[in-house]
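full-length UniProt numbering numbers the first residue of the sequence shown as 1 and each following residue consecutively. C-beta atoms are modelled at their ideal positions from N, C-alpha and C, and glycine is treated no differently. Remember, it's a predicted structure, so these values are computed and weren't measured experimentally. All remarks here apply to the structure that follows.
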Amino acid sequence: MDSSMASPGGSGDEGSHQGRRPSYKRLSSAQTARLERFIKDCPHPDEAQRRQLASEIGLETKQIKFWFQNKRTQIKNQHERADNTALRVENDRIHTENLLMKEALKNMLCSSCGGAPCQEEDHEHAIQSMQLENIQLKEEHEKVSSLLARYLEKQMSPPELQQQAFNIPIIGSSSHAPELENSSLNYEIGGSSSSHGPSRYGMQIMVSDDHNLLRSEGIEKALMFKVAAAAMNELIRLIRINEPLWTKSSTQDGKPILQHENYEKIFPRTNSFKGANLRVEATKESGIVSINSIQLIDMFLDPDKWVNLFPTIVTKAETMKVIENGLVGSRSGALQLMFEQMHVLSPLVQPREFQFLRYCQQIEEGVWVIADVSFDSFRQKTSFFHSWRHPSGCMIQEIPNGCSMVTWVEHVEVDDKIQTHQLYKDLIATGIAYGAERWIMELQRICERFACFYVERIPSQDSGGVINSLEGRRSVMNFSHRMIKVFCESLTMSGNLDFPHMNMENNSGLRVSIRKNRNHLGQPKGMIVVAATSIWLPLHYMKVFEFFTDDRRRAQWDVLCFGNDANKVAHISNEIHPGNCISIYRPFIPNENNALVLQESFTTPMGSYVVYAPTDVAAMNSAINGEDSSMLPVLPSGFVISADGEPNAALGAFNSSDIERLGGSLLTVAFQILASSPDGINMSNMESVEAVNSLLTSTILKVKDALNCNNLE
Numbered sequence: 001m002d003s004s005m006a007s008p009g010g011s012g013d014e015g016s017h018q019g020r021r022p023s024y025k026r027l028s029s030a031q032t033a034r035l036e037r038f039i040k041d042c043p044h045p046d047e048a049q050r051r052q053l054a055s056e057i058g059l060e061t062k063q064i065k066f067w068f069q070n071k072r073t074q075i076k077n078q079h080e081r082a083d084n085t086a087l088r089v090e091n092d093r094i095h096t097e098n099l100l101m102k103e104a105l106k107n108m109l110c111s112s113c114g115g116a117p118c119q120e121e122d123h124e125h126a127i128q129s130m131q132l133e134n135i136q137l138k139e140e141h142e143k144v145s146s147l148l149a150r151y152l153e154k155q156m157s158p159p160e161l162q163q164q165a166f167n168i169p170i171i172g173s174s175s176h177a178p179e180l181e182n183s184s185l186n187y188e189i190g191g192s193s194s195s196h197g198p199s200r201y202g203m204q205i206m207v208s209d210d211h212n213l214l215r216s217e218g219i220e221k222a223l224m225f226k227v228a229a230a231a232m233n234e235l236i237r238l239i240r241i242n243e244p245l246w247t248k249s250s251t252q253d254g255k256p257i258l259q260h261e262n263y264e265k266i267f268p269r270t271n272s273f274k275g276a277n278l279r280v281e282a283t284k285e286s287g288i289v290s291i292n293s294i295q296l297i298d299m300f301l302d303p304d305k306w307v308n309l310f311p312t313i314v315t316k317a318e319t320m321k322v323i324e325n326g327l328v329g330s331r332s333g334a335l336q337l338m339f340e341q342m343h344v345l346s347p348l349v350q351p352r353e354f355q356f357l358r359y360c361q362q363i364e365e366g367v368w369v370i371a372d373v374s375f376d377s378f379r380q381k382t383s384f385f386h387s388w389r390h391p392s393g394c395m396i397q398e399i400p401n402g403c404s405m406v407t408w409v410e411h412v413e414v415d416d417k418i419q420t421h422q423l424y425k426d427l428i429a430t431g432i433a434y435g436a437e438r439w440i441m442e443l444q445r446i447c448e449r450f451a452c453f454y455v456e457r458i459p460s461q462d463s464g465g466v467i468n469s470l471e472g473r474r475s476v477m478n479f480s481h482r483m484i485k486v487f488c489e490s491l492t493m494s495g496n497l498d499f500p501h502m503n504m505e506n507n508s509g510l511r512v513s514i515r516k517n518r519n520h521l522g523q524p525k526g527m528i529v530v531a532a533t534s535i536w537l538p539l540h541y542m543k544v545f546e547f548f549t550d551d552r553r554r555a556q557w558d559v560l561c562f563g564n565d566a567n568k569v570a571h572i573s574n575e576i577h578p579g580n581c582i583s584i585y586r587p588f589i590p591n592e593n594n595a596l597v598l599q600e601s602f603t604t605p606m607g608s609y610v611v612y613a614p615t616d617v618a619a620m621n622s623a624i625n626g627e628d629s630s631m632l633p634v635l636p637s638g639f640v641i642s643a644d645g646e647p648n649a650a651l652g653a654f655n656s657s658d659i660e661r662l663g664g665s666l667l668t669v670a671f672q673i674l675a676s677s678p679d680g681i682n683m684s685n686m687e688s689v690e691a692v693n694s695l696l697t698s699t700i701l702k703v704k705d706a707l708n709c710n711n712l713e
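The following block contains the structure:
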């Protein structure tokens with residue numbers, strides 16, 4: 001306010017003005033400016049300041065007091081008006097922004113469900129899709145609820161399913177000492193086991209990715225431990241209990257036979273497969289192997305070592321998930337989910353694939369059990385395996401001198417949709433092809449080979465050849481072992497082509513597989529053709545094996561010899577049997593002095609192998625000199641000889657005095673040729689098939705002629 005009350009005016013006659021309000025005159029600009037400056041520094045002056053200020057500008061103290069009061073009120077009102085204006089502007093801005101956001105939300109969300117908007121043309125399709133998904137989720141929930149209820153032996157609602165699944169004790173953890181439920185083995189036939197109930201150890205479960213409860217890894221892990229612990233319990237009983245679970249066979253040299261009726265009383269379950277093609281195989285065998293238990297357990301839990309341990313049985317193996325590593329040193333409590341492909345003897349024998357849990361447990365001092373059981377992951381929509389492994393595996397017991405006693409049980413269920421070829425039907429039906437006895441004998445053979453690999457000096461019977469150092473000997477043995485693995489894997493004939501019009505008498509027809517090798521190290525690059533056929537011979541398998549391992553008769557079947565004897569330049573013994581050895585031959589090839597042949601042969605009552613591969617002198621010399629042989633290219637061919645599956649034909653130790661006993665043998669002949677390569681080899685598919693067919697035919701005719709079997713009908 002620029003003015004104040006004026007000073008008192010009038011004639012000076014105070015009496016005439018009693019009762020009237022005093023009048024003041026307007027302040028001058030100089031007085032107002034002085035007051036304006038003062039109020040900036042001191043808006044609330046005290047009495048002394050007001051008197052001093054009044055004397056300076058010629059006003060009364062009361063006028064000074066009133067001016068300051070009015071000025072402060074004026075300033076306050078100005079500030080309030082400015083604040084109101086600013087708030088009104090901000091309110092208008094927020095209101096406008098709110099309207100814009102509401103309009104945007106109308107375009108982003110469905111007004112009825114609050115979800116994402118759906119175009120009119122897609123609305124009906126979206127409704128149908130959600131209805132179908134809802135039906136699928138209900139079906140999957142019912143299946144999972146039923147399976148879990150069977151497994152946990154009571155009906156449960158979804159919240160109970162979650163609680164029960166997470167409350168399952170994790171057995172075998174390396175953080176505490178594991179215990180097996182109901183580990184006592186004093187059971188009587190007729191009483192059901194409370195630890196199992198009417199359950200399946202491998203559960204086939206389908207779960208939607210959107211179902212938060214069932215896709216939980218915690219639930220799956222807990223169930224894995226539960227399944228593994230139950231399988232371990234069953235396997236221990238199958239190994240330790242003989243009668244009445246197992247009885248001796250009257251036709252197979254007293255081999256144990258599982259009594260399914262008694263077994264199902266103790267371990268009731270439903271079959272994994274249905275129909276006339278269902279077949280159950282159960283076998284049991286024991287044997288001593290020359291390897292200590294800890295080494296053996298380490299090999300069982302490493303997929304690469306597992307393949308190396310059983311090259312004639314396991315063609316592929318992979319650890320899909322490690323659930324528990326187990327205790328350091330003993331590996332007790334180790335649990336992992338694995339995949340393996342198995343194949344034996346011939347392309348006529350169907351490969352078997354398993355996805356299974358492998359559980360290791362030390363149950364006593366110096367005693368371990370490795371339990372395998374099929375398990376389908378929650379995330380698998382369907383199970384594509386035609387083989388199901390019930391609790392199987394082995395018990396490994398330490399014995400003196402660094403050896404182990406191994407007892408093996410193999411119990412599988414097979415959906416034999418592709419009927420087994422007549423030549424191998426007896427071998428499959430009697431359990432010889434994939435049974436426990438084959439696992440034990442192959443383990444014994446490979447352990448003997450390991451012992452020969454780690455000798456500290458070259459044996460005298462092997463010292464006459466070109467291999468003069470332990471490093472060279474081991475490099476050649478590694479080269480040969482890889483050759484065996486490549487040969488056995490090639491017999492699976494993935495993507496095979498059948499040529500039944502090429503049938504010969506008493507054989508299965510020609511099986512051909514064509515593959516292109518681009519990046520597989522240790523094999524030549526290019527198009528590789530694998531061809532094989534199997535025939536029956538009226539001779540004992542040992543007589544056929546001795547024919548192929550007789551150096552004096554090699555020219556009768558080896559096309560690389562061109563009818564001439566081959567010169568053996570190196571020999572490595574793998575076992576006591578003279579036929580179990582590795583040899584290097586220099587064949588006679590006209591106008592060619594750069595070729596050698598690496599060969600390995602071995603025999604067991606379960607099957608005999610003679611596998612060989614041509615290689616150049618430079619590659620072989622690098623192995624002989626002790627260099628790394630893992631990258632040397634090899635393309636093996638060979639022969640697999642087995643008994644024909646007739647009773648007693650393949651069982652028991654072989655004795656030369658009964659070589660003419662009942663039963664013939666099955667011979668598989670397999671060749672691999674490089675049809676095309678970056679180096680210039682270029683054959684069409686039909687040319688390569690015709691070439692390998694000609695090679696097979698001529699070889700089989702030579703073998704039959706040498707063995708006096710040409711009179712077969």
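Counterpart residues of F339 in DSSP-defined beta bridges: E318, Q355
CB of L235 within 8 Å of CB of A371, strictly: yes
Completely contained beta strand (DSSP E) runs for the region 456-502, where each covers 3 or more residues: 496-499
Between the CA atoms of T319 and K516 - distance to the nearest angstrom: 26 Å
For W439, three-class secondary structure by DSSP: helix
V89 burial status per 10 Å Cβ neighbour count (16 or more: buried): exposed
Status (buried if at least 16 other CB within 10 Å, exposed otherwise) for D550: exposed
Three-state secondary structure (DSSP) of C447: helix
Straight-line Cα distance separating S622 from P704: In the sequence under discussion, the amino acid at residue 704 is Lys, which differs from the Pro named in the question. Cα to Cα, K704 sits roughly 37 Å from S622.
CB of V610 within 8 Å of CB of Q599, strictly: yes
Beta-carbon spacing of R352, M338 below 8 Å: no
Runs of alpha helix (DSSP H) lying entirely within the region 574-620, each at least 4 residues, in chain order: none
Close-in-space but distant-in-sequence residues of the same chain around S173 (CB under 7 Å, 5 per side omitted): With a pLDDT of only 35 at S173, under the threshold of 50, the placement of this residue in the model should not be trusted, and no figure is reported.
Meets three-Cβ-pair contact criterion under 8 Å: the region 257-264 and the region 292-301: no
Span of the alpha helix (DSSP H) around N242: Neither: N242 is in no alpha helix (DSSP H) and is coded neither H nor E.
Alpha helix (DSSP H) segment containing N517, residue limits: Run containing N517: none in the alpha helix (DSSP H); it sits in the beta strand (DSSP E), 510-517.
Reduced DSSP category for K76 - H, G, I as helix; E, B as strand; rest coil: helix
Option nearest N233 by Cα separation, candidates N134, G393, T85, E139: G393
Integer Cβ distance of P636 from V486, believed to fall under 8 Å: 6 Å
Alpha-carbon spacing of V289 relative to Q444, whole angstroms: 5 Å
CB contact below 8 Å: L27 versus chain D: The displayed structure is made up of one protein chain only, and chain D is not part of it.
The region 466-484 / the region 619-634 touching (three or more Cβ pairs under 8 Å): yes
Close beta carbons around H211, own chain, < 6 Å, minus the five adjacent residues each side: The pLDDT assigned to H211 is 47, lower than 50, so where the model puts this residue is not dependable; a value taken from the coordinates is nonetheless given after this. Result list for H211: empty, nothing under 6 Å.
Alpha carbon of S377 to alpha carbon of E340, nearest angstrom: 15 Å
Cβ neighbour criterion (16 or more within 10 Å) applied to A48: exposed
Simplified DSSP assignment, three categories, for C561: helix
Where the beta strand (DSSP E) containing R389 begins and where it ends: 387-389
With 16 other Cβ atoms within 10 Å as the buried cut-off, status of A104: exposed
The region 627-635 in contact with the region 534-543 per 3-pair CB rule at 8 Å: no
Distance CB(E489)-CB(T315) smaller than 8 Å: yes
For L674 and V689, the rounded distance between their alpha carbons: 11 Å
Nearest residue (CA-CA) to E285, options R240, N277, N70: R240
Span of the beta strand (DSSP E), counted from its first residue to its last, around I288: 278-289
Per-residue burial, L696 [other beta carbons within 10 Å of its own, 16 or more giving buried]: buried
Cα-Cα separation between I572 and W408, rounded to whole angstroms: 30 Å
Residues that H260 bridges to, as DSSP identifies them: Bridge partners of H260: none, in fact.
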